[in-house]
Amino acid sequence: MMDDLIRVLTPLPVLLPLLGAAGALLVGKHPQLQRTLSILVLTAVLAVSVSLLFLADAEGATSVSVGGWPVPLGIVLVVDRLSALMLVVANTVTLGVLVFAVGQGIADGDETDTPLSIFHPTYLVLVAGVSNAFLAGDLFNLYVGFEVLLAASYVLLTLGGTAGRIRAGITYVVVSLMSSLVFLAAIALVYAATGTVNMAQLAVRLGELPDGTQLLLQSMLRVAFGIKAAVVPLSAWLPDSYPTAPAPVTAVFAGLLTKVGVYAIIRTNTLLFPDGALNDLLLWAALATMVVGILGAVAQTDVKRMLSFTLVSHIGYMVFGVALGTTAGFAGAIFYVVHHIAIQTTLFLATGLVERRGGTTNTEKLGGLAKASPLLAILFFVPAMNLAGIPPLSGFIGKLGLLEAGVAVGGVGPYVLVGGAVVTSLLTLVAIARVWGRAFWRPRAVDTAEEDLEAIRPAAGTAVTTEELQAAKLPATMVAATAGFVAITVAITVFGGVLYGVADRAAVDLVDRTPYLESVFGDRVVE
Amino acid sequence: MTPTVVLPVIIAGLYAAGVYLLLDRSLTRVLLGFLLLGNATNVLLLSAGGVAGLAPILPVEDESSINDPLPQALVLTAIVITFGISAFVLAMIYRSWRLVRDEVVQDDAEDLRVATREEIDADDRDPELLHPAERGPGDGLTVEAPPHRPDTDTPSDDVGLGLAGLEAAENESAEAAAVGEVSPTPAGGRSARREEEQ
């Protein structure tokens, strides 16, 4: 009975958004109808995801053969605790950001600035791609999921086709294409070596290959996913391309897209290559990601760019957990992924509000926001402290879990990483405190000083005048959406124990591997 | 039914040419490079299905008499994806041409700004180290720089250490000066900085 229910529900997170995208295209001439449709579809997907999480947590992993083809031949979708958890977080974020975007669209008077008739269908396709990547039970389906979400992200990133977005979009598109080609070539080699792309079958057959072949395949997949997840040294594209997009688009990209790469790394590392031949390399890459990312963040004067660099830096924490290769490490990484998706999205949405209120995101020009808008200050302050890992917020819980896992493993590498993680956390606080101190805390600079700044740096955007700052009102829907996100991040803290329990059980499943394999092959002997 | 050397050579050639083109700044060449790389990967995927020349379709009488149909299905999907993305990249190149009359990969303005700006932001600096004109409203703590007196007796260094304050140090400790030890007082170091800035 439960199994049947799961079988019915599993394809829906992919199907519903795709059908919704088609519907949204059809009603493109009626913005009101389009908005309602998109929000309804995403609400339904969220409901499905939540029920999948409850079912998967109760029943364990379940697989669905799409179209009824027998297992090694057809496409399988697999729901286990990890993918269901990721689905819930992803769909919560996408729904919330959609509400924010709708609020912004209404406030801006629609179609003048951004072509919203394109926005909604593309956004739904993005959701379908993300869901497909989380549910994919074979490598090629994972590739298709990636391509769907990337194609949608190309359109969203260059929305409106302004010069800045086209410039940023070109970097993003070319780098993403490269990673996709590496991924596809890896799939070709995997198929040549094993004769299958089904992940459960690969889990068995890859282990029988010679060590050298395994290492080659693992390195290629690692490079492809490393680019998508923005692991240093493959991360240079991210801070250049994300900040130029519209606020809601940046928010959902920053929250979700890199985490799909992290998910792929977790999945391949546990299921396909459990021996962890590249774990040492991954460990040092994690350290480089943390340190390089956060040093970049400290150097920035633009809030969005600073946040993009902290995004890169904190990917290092998740990679650290994965590279440890222990159950505790995976559990920490999974919890950190959940925490970081929510927190990064919230911060980018709050920055979107800052930009509306202050006219710019350049910290050299902003000032006096805490006095002008106390609510906005709170909306920024809570997630900012959370990102820096101030106890008792969820960032602290996640970091503590990872550090404990690192100490439990011991040895030179993990101890260095633990030290690096603490330093990174402190530097995050420095970067965040600089933004807070300048944009919110310090008094507004006098207008003459602003003119001076203008003369020195004409390219950095214009700040609003003091009168405009006082008069500006933030649209209620956008504030409500951001406040909702802040509430979610606080809820992740309050229910941290429950969530960490799910992450723990997911990690146990991942390391064990048998639940996944049994779900795909049934009870018959795996060959 | 012998393995062929032609496909690997073609794949390698396409990859080499594709990577070369992809590294160019001109976007049209980047697109051409992407197309070549895409085709190289497709041929690689195709060759993963085994030797060429057989039909991929049932009925199966003998397993060696048909080709593996799965890579061909995968290649079809990959071709469609490559095609769609190429169309999008072309549209982006055209848009870039319309906007800036150029179709090269551009530098990130904000990146350059961060890279070339002064090391320390104006409001992070110690006000005492600033040029008097750059200082904010007086805080009552400003100290006039001691007048600069060129002296030829004290040992000189070429790296601009604060030797101006050495005289004061000399008065206090003649021994230190005798062995040529440089011990600038804070005031001396500061005044030297000011002179450089002026």
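Chains S and B, in that order, are what the protein sequence lines are. Numbering-wise, the numbering used here puts 1413 at position 290 of the first sequence, and it's gapless, one number per residue. Numbering-wise, the numbering used here puts 192 at position 191 of the second sequence, and it's gapless, one number per residue. Even glycine gets a Cβ: it sits at the ideal position worked out from N, Cα and C.
Problem set entry | From S:N1214, S:N1255, S:A1224 and S:L1282, residue whose alpha carbon lies closest to that of R96 of chain B | S:L1282
For this session: Pull out every residue of the stretch 93–104 of chain B whose Cβ sits closer than 7 Å to any Cβ of chain S, in chain order.
Result: M93, R96, S97, L100 and V101
Problem set entry | CB contact check: I1289 of chain S to chain B, cutoff 7 Å | Answer yes: the Cβ-Cβ gap between I1289 of chain S and chain B drops below 7 Å somewhere.
Problem set entry | S1299 of chain S in three-state terms, based on DSSP | helix
Exercise. Does any CB atom of chain S fall closer than 7 Å to the CB of I82 of chain B?
Worked result: Residue contact check for I82 of chain B against chain S: a CB pair falls below 7 Å.
For this session: Express the C-alpha separation of Q1324 of chain S and P1244 of chain S in angstroms, rounding to a whole number.
Result: CA-to-CA, the gap between P1244 of chain S and Q1324 of chain S works out to about 35 Å.
For this session: Taking C-beta pairs closer than 9 Å, name the residues in chain B that Q1341 of chain S reaches, listed in chain order.
Result: Ordered by position in chain B, no residue passes the 9 Å Cβ test against Q1341 of chain S, which lies about 17 Å from the chain.
For this session: State the start and end residues of the unbroken beta strand (DSSP E) segment that holds V1355 of chain S.
Result: It is not in any beta strand (DSSP E) - V1355 of chain S carries neither H nor E in the DSSP assignment.
For this session: Using a Cβ-Cβ cut-off of less than 8 Å, list which residues of the stretch 1412–1424 of chain S approach chain B; keep chain order.
Result: A1422, Q1423 and T1424
Exercise. Per DSSP, which one or two residues make a beta bridge with S27 of chain B?
Worked result: BP columns for S27 of chain B point to B:V105.
Exercise. What is the rounded straight-line gap between the Cα of G1521 of chain S and the Cα of I1464 of chain S?
Worked result: The alpha-carbon of G1521 of chain S is positioned some 12 Å away from that of I1464 of chain S.
For this session: Quickly, what does DSSP pair N1321 of chain S with across the bridge? List them, please.
Result: Beta-bridge partners of N1321 of chain S (DSSP): S:D1261.
For this session: Check whether the Cβ of D1363 of chain S lies closer than 7 Å to any Cβ atom in chain B.
Result: Chain B, which has a Cβ nearer than 7 Å to the Cβ of D1363 of chain S, makes this yes.
For this session: Take A1500 of chain S and list the residues in its own chain whose beta-carbon comes closer than 8 Å to its own, dropping the five residues that flank it on each side.
Result: If we look at A1500 of chain S and ignore the five residues flanking it on each side, its Cβ neighbours are L1492, A1493 and F1563.
Exercise. Is N1485 of chain S helix, strand or coil by DSSP?
Worked result: strand
Exercise. Do you know offhand how far G1287 of chain S's Cα is from M1508 of chain S's?
Worked result: 31 Å
For this session: Please name the residue, chosen from S:Y1246, S:L1208, S:S1206 and S:A1207, that lies closest to V1222 of chain S on a Cα-to-Cα basis.
Result: S:Y1246
Problem set entry | Cβ of A1286 of chain S within 7 Å of any chain B Cβ | yes
Problem set entry | Any C-beta of chain B under 7 Å from that of A1500 of chain S | no
For this session: Within the stretch 1503–1534 of chain S, note down every full alpha helix (DSSP H) run reaching 4 residues or more, in order along the chain.
Result: 1517–1532
Problem set entry | L1128 of chain S - DSSP class collapsed to helix/strand/coil | Here L1128 of chain S sits in helix by DSSP.
For this session: Give a yes or no on whether the C-beta atoms belonging to A1420 of chain S and M1413 of chain S are separated by under 7 Å.
Result: No, they are not a contact pair.
For this session: Could you pull out every residue in the same chain whose Cβ sits closer than 6 Å to the Cβ of P1581 of chain S, ignoring the five residues on either side in sequence?
Result: Bear in mind that a pLDDT of 40 at P1581 of chain S, under 50, signals an unreliable position, so the model cannot answer this.
Exercise. Mind checking whether M1441 of chain S and V1385 of chain S have CB atoms under 7 Å apart?
Worked result: yes
Exercise. T1185 of chain S lies in the alpha helix (DSSP H); which residues open and close that run?
Worked result: Note, T1185 of chain S: premise wrong, no alpha helix (DSSP H); beta strand (DSSP E) at T1185 to S1188.
Problem set entry | One or two residues paired with D1425 of chain S in a DSSP bridge | S:N1485
For this session: Can you say whether P70 of chain B is buried or exposed, counting buried as having 16 or more other CB atoms within 10 angstroms of its CB?
Result: exposed
Exercise. Pick from S:S1517, S:F1471 and S:V1194: whose alpha carbon is nearest that of N1653 of chain S?
Worked result: There is simply no residue 1653 of chain S to check, as chain S begins at 1124 and stops at 1650 in what is shown.
Exercise. So L1200 of chain S is in the beta strand (DSSP E); what residue range does that whole segment cover?
Worked result: Segment V1199 to V1202, the beta strand (DSSP E) holding L1200 of chain S.
Problem set entry | Cross-chain neighbours of G39 of chain B in chain S, by beta carbon under 7 Å | By Cβ distance, chain S contributes L1304.
For this session: Please work out which residues of its chain come closer than 7 Å, Cβ to Cβ, to G1619 of chain S, disregarding the five sequence neighbours upstream and downstream, and give them in chain order.
Result: S1517 and I1520
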